[in-house]
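Under the numbering used here, think of the first position of the sequence shown as 1189, with each following residue one higher. Quick notes on the structure that follows.
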Amino acid sequence: MIDGGGGGDSEYSSASEAFNDDNYVAETTTKIRKSLSLNKEKVAPLAMKWTFWLDSQKSKFASKDDYEAGLQKIFAVDTVQEFWSVFNNIPTPSRLANRVSYHLMRRSRKPLWEDRENE
């Protein structure tokens, strides 16, 4: 099951701007789901659900609250096919603005040092 949104090439100045546009998210989610429906292979489940996060930080030295506010869940996947469909359709890291990155975390864990599940 794919949750969330994201996308490939666009006219947006940053990935975070694109991920905040509901039309962009809907179109990209549709594109990913269509690519999955064209795949007639047997589904290969992952051992657990994984979540893609977009990390948009305004400052190198952000407080914990500011850092957490800059995190946005963009997709959750639980099959190999979903992972590759998302990975191949989101903007490449080289297209992201400064201080913007992706994280891939188990289940719905947030990419925070303070999250107990990350100990």
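For glycine and all other residues, C-beta sits at the position ideal for the given N, C-alpha and C.
Complete alpha helix (DSSP H) runs within the segment 1210–1277 (minimum length 4 residues, chain order): 1210–1226, 1252–1257 and 1268–1275
Report the three-state DSSP secondary structure of S1289 (helix, strand or coil). Numbered from 1 along the sequence shown, position 101 holds the residue referred to as residue 1289. Three-state DSSP puts S1289 in a strand.
Contact the segment 1239–1249 vs the segment 1259–1275: 3+ CB pairs below 8 Å: yes
Of the choices P1233, T1217, E1307 and K1219, whose alpha-carbon is the least far from that of T1267? Counted from its first residue, the sequence shown places residue 1267 at position 79. Measuring from the Cα of T1267, the nearest candidate turns out to be P1233.
From T1216 to R1283, what distance separates their C-alpha atoms? Within the sequence shown, numbered from 1, the residue matching residue 1216 stands at position 28. Within the sequence shown, numbered from 1, the residue matching residue 1283 stands at position 95. So the alpha carbons of these two residues sit roughly 16 Å apart.
What does the alpha-carbon distance come out to for the pair R1294 and N1286? By 1-based counting over the sequence shown, the position of residue 1294 is 106. By 1-based counting over the sequence shown, the position of residue 1286 is 98. Distance between the alpha carbons of R1294 and N1286 is about 25 Å.
In whole angstroms, give me the CA-to-CA distance for I1220 and A1214. Along the sequence shown, one-based indexing puts residue 1220 at 32. Along the sequence shown, one-based indexing puts residue 1214 at 26. Between I1220 and A1214, the C-alpha separation is close to 10 Å.
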